[in-house]
Amino acid sequence: MRPVIIAHRGASGYLPEHTLPAKALAYAMGADYLEQDIVATRDDALVVLHDIYLDRVTDVARRFPGRHRRDGRYYVRDFDLAEVRSLRVHERTDASGVPVYPGRFDDTGEVFRVQTFAEELEFVRSLQAADGREVGVYPEIKRPEWHRSEGVDMTPEFLRVLADYGYCEHSDPVYIQCFCAAELRRIRHELGSPLKLLQLIAENSWKESSTNYDPLRSRRGLERLSRTVDGIGPWLVRAYRHRRRDGHIASSGLVERAHDAGLAVHPYTFRSDELPPGFDSFSSLLSFFTRTLPVDGFFTDFPDKAVQFLRTHSP
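Take numbering that gives the first Met the number 0: the last position of the sequence shown gets the number 314, and nothing is skipped along the way.
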């Protein structure tokens, strides 16, 4: 079966991440799934943003000077939905304001905004109605433990919004992803959701959640995960080994162990302008992951390049 193409934050290699134009472009390019990252505002609205912070992708510092916390960051949780809606979204920058990915969308005055989770699902529904092609959604609950420490439990509302748009059954075109293993167990066993779940696997040093990720890559850890989730989303560099002295690349065994446990594997993130060690082209990267391993899907900022590759190279 052809691996599924997940548009990472939309067609984020071409337009500012998580904006509706980026999602529309990814749909037009033929992505199988459109990704959403979900965080909460001060008035508990669920909005589509990659971070719990606003300062790397919006003009919040200019619009609301002084509204940062002691660490200098502007948190979504400190702003009402109306305030977040008023912000202008731009390409991701670092702390000094320099674009993280030089050469991507050049801001020439276009206005991009933040939308709610429900608004994005409504937009996806409209895209499908206009074109007739079904596309899946792939929402991530961001930092649920942190959000609870801030006084909001996002997950029940998150599931309600999905249900409102018809995502109710395991067969529906949706994956729920999260870095927090406890939250995924809660969704499956306490809240009783039948939807497909995917465990994102980070590096412990990233501090994405209280989850210890190292054991999850083991055969035993993957077998335990299979009691709750349908797949894993590992950082792509964990799926292979690169021998520097001669450039040899081979599987790390992670994909095989996951498949043995009955889990799908959807690694992240495939970028043609940021190749991982050992690969000298985007096509060689895609070839290894879709033909040699092979994985069941992957997150990419460039869905058009992935679609074109899969059309011309049968896995």
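From the three backbone atoms N, C-alpha and C, an ideal C-beta is built for every residue, glycine too.
Annotation note: the stretch 23-86 contains the following uninterrupted beta strand (DSSP E) runs of length 3 or greater, listed N- to C-terminal: 32-39, 45-47. According to DSSP, residue 250 shares a beta bridge with 239.
Counting only runs that start and end inside the stretch 176-200, the beta strand (DSSP E) elements of at least 3 residues fall at 195-200. Look at residue 129 here: in three-state DSSP terms it is helix. Taking C-beta atoms under 8 Å as the contact rule, residue 161 and residue 173 qualify, at a distance of about 7 Å. When C-beta atoms of the stretch 221-239 are compared with those of the stretch 252-266, three or more pairs fall below 8 Å, so the two segments count as touching. Annotation: residue 78 to residue 267 spans about 30 Å, alpha carbon to alpha carbon.
Its Cα nearest to that of residue 19, the residue 123 stands out among 80, 38, 108, 123. Residue state for residue 220 is assigned as helix, using DSSP reduced to three classes. Taking C-alpha positions only, residue 252 is separated from residue 42 by approximately 45 Å. Taking C-beta separations shorter than 7 Å and ignoring five residues to either side along the sequence, the partners of residue 225 in its chain run 260, 261, 262, following chain order. Residue 47 has its alpha-carbon roughly 16 Å from the corresponding atom of residue 300. Counting the other CB atoms within 10 Å of its CB gives residue 195 a total of 16 or more, which places it among the buried residues. Scanning its chain for C-beta atoms nearer than 8 Å, with the 5 sequence neighbours on each side dropped, one finds around residue 287 the residues 239, 248, 278, in chain order. DSSP places residue 302 outside any beta strand (DSSP E); the residue lies instead in the alpha helix (DSSP H), whose first and last residues are 302-311.
In this structure, residue 90 lies near residue 103, with their beta-carbon atoms less than 8 Å apart.
When DSSP reads this structure, residue 263 sits in a beta bridge with 230. In the DSSP secondary-structure assignment, residue 9 is not bridged to any residue. Three or more beta-carbon pairs drawn from the stretch 5-21 and the stretch 82-101 are found closer than 8 Å, and the two stretches are therefore classed as touching. When the alpha-carbon of residue 70 is set against those of 222, 21, 52, the nearest one is in 52.
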